[in-house]
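Top line first, the protein sequences correspond to chains V and P. Using our numbering, you'd call the opening residue of the first sequence number 29 and step up by one each time. Using our numbering, you'd call the opening residue of the second sequence number 29 and step up by one each time. For glycine and all other residues, C-beta sits at the position ideal for the given N, C-alpha and C. Here the structure is laid out as structure tokens; the discussion comes afterwards.
There are 2 protein chains.
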Amino acid sequence: MNRIYYPYSEFLIDIQTLVQKIDQKCDAILAISRGGLTLAHFLGEHYKIREVYAINTIGYEDTQKLESLKVFNIPDLTATKTVLIVDDIVDSGDTLIAVLEVLQSRFPDTVFLSSSIFYKSTAKIKPTWFVKEAKEWIDFFWSVDIKAE
Amino acid sequence: MNRIYYPYSEFLIDIQTLVQKIDQKCDAILAISRGGLTLAHFLGEHYKIREVYAINTIGYEDTQKLESLKVFNIPDLTATKTVLIVDDIVDSGDTLIAVLEVLQSRFPDTVFLSSSIFYKSTAKIKPTWFVKEAKEWIDFFWSVDIKAE
Chain V
29 MNRIYYPYSE FLIDIQTLVQ KIDQKCDAIL AISRGGLTLA HFLGEHYKIR EVYAINTIGY
89 EDTQKLESLK VFNIPDLTAT KTVLIVDDIV DSGDTLIAVL EVLQSRFPDT VFLSSSIFYK
149 STAKIKPTWF VKEAKEWIDF FWSVDIKAE
Chain P
29 MNRIYYPYSE FLIDIQTLVQ KIDQKCDAIL AISRGGLTLA HFLGEHYKIR EVYAINTIGY
89 EDTQKLESLK VFNIPDLTAT KTVLIVDDIV DSGDTLIAVL EVLQSRFPDT VFLSSSIFYK
149 STAKIKPTWF VKEAKEWIDF FWSVDIKAE
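This is the structure in structure tokens:
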């Protein structure tokens, strides 16, 4: 698969596009760690939302050797009306689906919206808002801009 | 107070300096939200640590009108030996002190180290590792690089 470098300068342009698309008010931002952390930080600053949280997922093989996802470090969203879930890319969609399932079942009265920079058309779920379709492997600036020692 | 703009290009140089200073192995990275989120993301990528967590603090006035800090969304660190707490700046030191107190009391067997890009010499606590002293108000790139709509 081709790899493309995704620089900070392009990220800035894409965030502008994303915030133009996001047309609902959210009370909290929830980053899917690690990929969504930087985007969530910028969106929190942009919207002046201090409630920027993170959630973690880890893949493991269950007893039938199927890949499953464990979702952990779930923030308390009991008093939160609307949450914007943030990730860098919705690839297979498995992570976003697993996170949404856990959150919606634990917080049935909260509305969950989702956003990402990239989305693959083959994903099992489409985020509420995204900026561009991914057709290659993406080397994000946060992965490659720090040179190895 | 003078304001200085802190650009992404300088952040990259400072992270290189920071990872040269960090001379202990950590099992998890904990961002103090929001300020530490982007730095924690980059450090997680650099160290290939998937366990990048976030913690939240909020200031409030207690009954005696003193400013207090509530620490919430505390990740489960029971099985984690060494945690690197990450923030953008240690200013008064109040946030880092409050976070350390809560974490150390809840997870007495875990070692907590701390790092930031900036540190003010007037702070009540010094992070384990930091890059530079802050003498002005800092406009971080994540706060100002997205233009207001």
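Asked	Found
Using a cut-off of 9 Å between C-beta atoms, extract the partners of Lys49(V) located in chain P.	Going along chain P, no residue has its Cβ under 9 Å from Lys49(V), so there is no contact; the nearest lies around 12 Å.
Count the C-beta pairs between the stretch 141–151 of chain V and the stretch 119–135 of chain P that are closer than 8 Å, then say yes if the count reaches three, no if not.	no
Which residues does DSSP list as the beta-bridge partners of Tyr34(V)?	Phe168(V)
Can you tell me whether DSSP reads Phe70(P) as helix, strand or coil?	helix
Check whether chain V comes within 8 Å of Asp115(P), counting only Cβ atoms and requiring the distance to be less than that.	no
Taking only the alpha-carbon atoms, compute the straight-line gap between Ile60(P) and Lys53(P) and give it to the nearest angstrom.	19 Å
Mind reading off the beta-carbon distance from Val127(V) to Ile145(V)? Whole number of angstroms is fine, and I expect it under 8 Å.	The pair is not a contact, with the Cβ atoms about 17 Å apart (cut-off 8 Å).
So for Ser133(P), helix, strand or coil by DSSP?	helix
Which bits of chain P does Ser171(V) rub up against, with CB to CB less than 8 Å?	Glu73
Pick helix, strand or coil for Ser82(P), following the three-state DSSP scheme.	Residue identity differs from the one stated: residue 82(P) is Ala in this sequence, not Ser. Ala82(P) falls in the strand class under three-state DSSP.
Which value, in whole angstroms, describes the spacing of the CA atoms of Ile43(V) and Thr156(V)?	15 Å
Tell me whether the beta-carbon of Asp122(P) lies closer than 8 Å to the beta-carbon of Leu97(P).	yes
Assign Ala68(P) to one of two classes, buried (16 or more other C-beta atoms within 10 Å of its C-beta) or exposed (fewer than that).	buried
Only counting the same chain, and skipping five residues up and downstream in sequence, which positions put a Cβ closer than 6 Å to that of Glu79(P)?	Ala56
Which whole-angstrom value is the C-beta distance of Val99(P) and Ile83(P), which I expect to be below 8 Å?	7 Å
For Thr110(P), which of helix, strand or coil comes out of DSSP?	strand
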